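Participant:
There are 2 protein chains.
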Amino acid sequence: MGTGAVGSAIASKLAALGHEVTMGSRTAANERAAQWAAAAGAGAAHGTFAEAAARAELVFNCTGGEVSLDALQAAGAANLAGKVLVDVSNGLDFSQGRPPNLTVCNTTSIGEQIQQAFPDARVVKALNTVNHAVMVDPGRLAGPHNVFICGDDAAAKAAVVELLASFGWPRDAVIDLGGIAAARGPEMYVPLWLRLMGAVGGAEFNIAVVRPPAP
Amino acid sequence: MGTGAVGSAIASKLAALGHEVTMGSRTAANERAAQWAAAAGAGAAHGTFAEAAARAELVFNCTGGEVSLDALQAAGAANLAGKVLVDVSNGLDFSQGRPPNLTVCNTTSIGEQIQQAFPDARVVKALNTVNHAVMVDPGRLAGPHNVFICGDDAAAKAAVVELLASFGWPRDAVIDLGGIAAARGPEMYVPLWLRLMGAVGGAEFNIAVVRPPAP
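So this is what it looks like as structure tokens:
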């Protein structure tokens, strides 16, 4: 779900790995989705959010967090029920200028709001802490770095770890932060990410968790 | 300013480096401050926030962010004017349980609120993203890791970089995020830090910013 840089990167990676992918968008005739599907070849399709969700075993929410609940309502609760729903979104509010504020934070998060609105979906927050290029090609950075997952469904998290491994993320690079309420952590990291982007001069970076030396 | 684990760690490190240190607290007879000063030896003293600030060339705010404005009012604007004020604080709200929420975030930060309330102080946000032991002994972790500074006064930031270097932080480990409004970034990282503490099983860790390999 989503036709922007994140949706395109995830969809292309999944298609390259041999998965059947439907890029979902608000309308059936979305031009970017149609172009993506034509270029991505066999197994690639496009359709409405509802069509994409209905066909899918696993759904990536790559819409902007500020519109994700609307987009998922358009997808339809019945089409999401029982499915792993990987929430990659960040809710950014540009109304006060740049860098943006978050649309929600502190006492809730987009990930939690999605899980509450769609209790039969198996929501896993993941990948919202890195740029789209790093999401699907973590080896482009120099040295180990980490990605975070959280969610209330252990089997769904395990499935996401396997998917991340297929993207190139070493399994030991994936840090499980706990239940979906922990999504507040990676979502609230984004204001630091936005300022680091300025400080390091680009969006292709990530953080590694550094611990004491092994005893 | 502050007699907790953070204030004690910073005060002890400064004293060990040969600085004259006054540990400030709300009352002149604070037992922990008196014990610290007695144990820390020559050059170590204790007193009220106002006494400590009046004597200081440079002030560390190691009070809890939720009470920092009150503590700094007690210190007195005149005693802070023209001085570098290193704000190490985090505003934690435990009223909803653990992990705590932040008292302020998103559209403001403790660092900004302090700068606004004390316009003649030269506020630099620093070190709030690591545990007190890591603050003053960054070499205890395995491999390079980063610390963030921000503030509106370039000379004040440069002075803090030198102080951090004396604590053991390599100068190239210190990332300048910009003006004091950037304090939202490191302050809003704390909810992720709190969940990482659970995931990694302890408070002694930090993050390193990992970039693409040099061309």
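Sequences listed follow chains A and B, in order. Mapping the first sequence onto the working numbering, position 105 (from 1) lands on 105, and the numbers just tick up by one. The working numbering runs 1000 ahead of the 1-based position in the second sequence. All C-beta atoms, glycine included, are put in the ideal place defined by N, C-alpha and C. Keep in mind it's a predicted model, so treat the numbers as computed, not measured.
1) What number of angstroms, rounded off, separates the C-alpha of Arg1195 (chain B) from the C-alpha of Val123 (chain A)?
2) Which two residues bound the contiguous beta strand (DSSP E) that contains Gly24 (chain A)?
3) Does chain A have any CB closer than 8 Å to the CB of Val1084 (chain B)?
4) Do we get a CB-CB distance below 8 Å when we pair Thr107 (chain A) with the residues of chain B?
5) Going by Cα to Cα distance, which pick from A:Gly198, A:Val190, A:Phe205, A:Val210 is closest to Met1197 (chain B)?
6) If contacts are defined as beta-carbon pairs under 8 Å, then Ile180 (chain A) and Glu112 (chain A) qualify, I think. What distance do you get, rounded to the angstrom?
7) Just tell me which of A:Asp172, A:Leu127, A:Asn146 has its CA closest to the CA of Val88 (chain A).
8) In chain order, what residues of the same chain lie with their CB nearer than 6 Å to the CB of Val1130 (chain B), ignoring the 5 residues before and after it?
9) Along chain A, in chain order, which residues have C-beta atoms closer than 7 Å to that of Asn1101 (chain B)?
10) What are the boundary residues of the alpha helix (DSSP H) that includes Asn1079 (chain B)?
11) Give the secondary structure of Ala42 (chain A) by DSSP, where H, G and I count as helix, E and B as strand, and everything else as coil.
12) Please determine if the segment 1004-1024 of chain B and the segment 1092-1102 of chain B are in contact, where contact requires at least 3 C-beta pairs separated by less than 8 Å.
13) Could you pull out every residue in the same chain whose Cβ sits closer than 6 Å to the Cβ of Pro99 (chain A), ignoring the five residues on either side in sequence?
14) Kindly indicate if chain A contains any beta-carbon less than 8 Å away from that of Arg1211 (chain B).
15) Do you know how far the Cα of Val200 (chain A) is from the Cα of His1145 (chain B)?
16) Residues of chain A with CB under 9 Å from Leu1177 (chain B), in chain order?
17) For the candidate residues B:Cys1150, B:Gly1151, B:Val1134, whose alpha-carbon lies nearest to that of Gly1143 (chain B)?
18) Would you be able to state if there are at least three C-beta pairs under 8 Å between the segment 48-63 of chain A and the segment 21-39 of chain A?
19) Over the uninterrupted alpha helix (DSSP H) stretch that includes Phe1167 (chain B), give me the two end residues.
20) What is the rounded straight-line gap between the Cα of Gly202 (chain A) and the Cα of Ala1156 (chain B)?
21) Pro218 (chain A) and Leu1192 (chain B) look like a contact to me (Cβ under 8 Å); what is the Cβ gap, rounded to whole Å?
22) Are the CB atoms of Asn1106 (chain B) and Phe101 (chain A) within a distance shorter than 8 Å?
Facilitator: Taking the geometry as given:
1) Here residue 1195 (chain B) refers to the residue found at position 195 of the second sequence. Here residue 123 (chain A) refers to the residue found at position 123 of the first sequence. Spanning the two alpha carbons is a distance of roughly 18 Å.
2) As a first step, residue 24 (chain A) must be located in the first sequence, where it is residue number 24. Run containing Gly24 (chain A): 21-25, per the beta strand (DSSP E) assignment.
3) Position 84 of the second sequence, counted from the first residue, corresponds to residue 1084 (chain B). No, no contact with chain A.
4) Locating residue 107 (chain A) in the first sequence gives position 107, where the first residue counts as 1. It does: the Cβ of Thr107 (chain A) has a partner Cβ on chain B nearer than 8 Å.
5) Locating residue 1197 (chain B) in the second sequence gives position 197, counting from the first residue. Out of A:Gly198, A:Val190, A:Phe205, A:Val210, A:Val210 has the C-alpha closest to the C-alpha of Met1197 (chain B).
6) Locating residue 180 (chain A) in the first sequence gives position 180, counting from the first residue. Locating residue 112 (chain A) in the first sequence gives position 112, counting from the first residue. Indeed they touch by this definition, with Cβ atoms about 5 Å apart.
7) Within the first sequence, the letter at position 88 stands for residue 88 (chain A). The shortest Cα separation from Val88 (chain A) among A:Asp172, A:Leu127, A:Asn146 belongs to A:Leu127.
8) Position 130 of the second sequence, counted from the first residue, corresponds to residue 1130 (chain B). Only Asn1206 meet the Cβ criterion.
9) Reading the second sequence from its first residue, position 101 is the one you call residue 1101 (chain B). By Cβ distance, chain A contributes Asn106, Thr107.
10) By one-based count along the second sequence, residue 1079 (chain B) stands at place 79. Start and end: 1077-1080.
11) As a working note, residue 42 (chain A) is residue 42 in the first sequence. Looking at Ala42 (chain A) - three-state DSSP - the assignment turns out to be coil, as it is neither helix nor strand.
12) no
13) Taking the first sequence and counting its residues from 1, the one referred to as residue 99 (chain A) is at position 99. Result list for Pro99 (chain A): Leu194, in chain order.
14) Within the second sequence, the letter at position 211 stands for residue 1211 (chain B). Yes, because at least one Cβ of chain A sits closer than 8 Å to the Cβ of Arg1211 (chain B).
15) In the second sequence, counting from the first residue as 1, residue 1145 (chain B) sits at position 145. In the first sequence, counting from the first residue as 1, residue 200 (chain A) sits at position 200. The straight-line gap from Cα to Cα measures roughly 14 Å.
16) On the second sequence, position 177 is the one that residue 1177 (chain B) refers to. Leu192, Arg195, Leu196, Gly198, Ala199, listed in chain order.
17) By 1-based counting over the second sequence, the position of residue 1143 (chain B) is 143. If we check each option's Cα against that of Gly1143 (chain B), B:Val1134 comes out closest.
18) yes
19) In the second sequence, the residue the question calls residue 1167 (chain B) occupies position 167. Its alpha helix (DSSP H) spans residues 1154-1167.
20) To locate residue 202 (chain A), count along the first sequence from 1; it is residue 202. To locate residue 1156 (chain B), count along the second sequence from 1; it is residue 156. Straight-line Cα distance between these residues: approximately 26 Å.
21) Residue numbering for chain A in the displayed model covers 1 to 215; residue 218 (chain A) lies beyond these limits and cannot be assessed.
22) Position 101 of the first sequence holds residue 101 (chain A). Position 106 of the second sequence holds residue 1106 (chain B). It should be noted that the sequence gives Asn, not Phe, for residue 101 (chain A). Yes, Cβ-Cβ distance for Asn101 (chain A) and Asn1106 (chain B) is below 8 Å.
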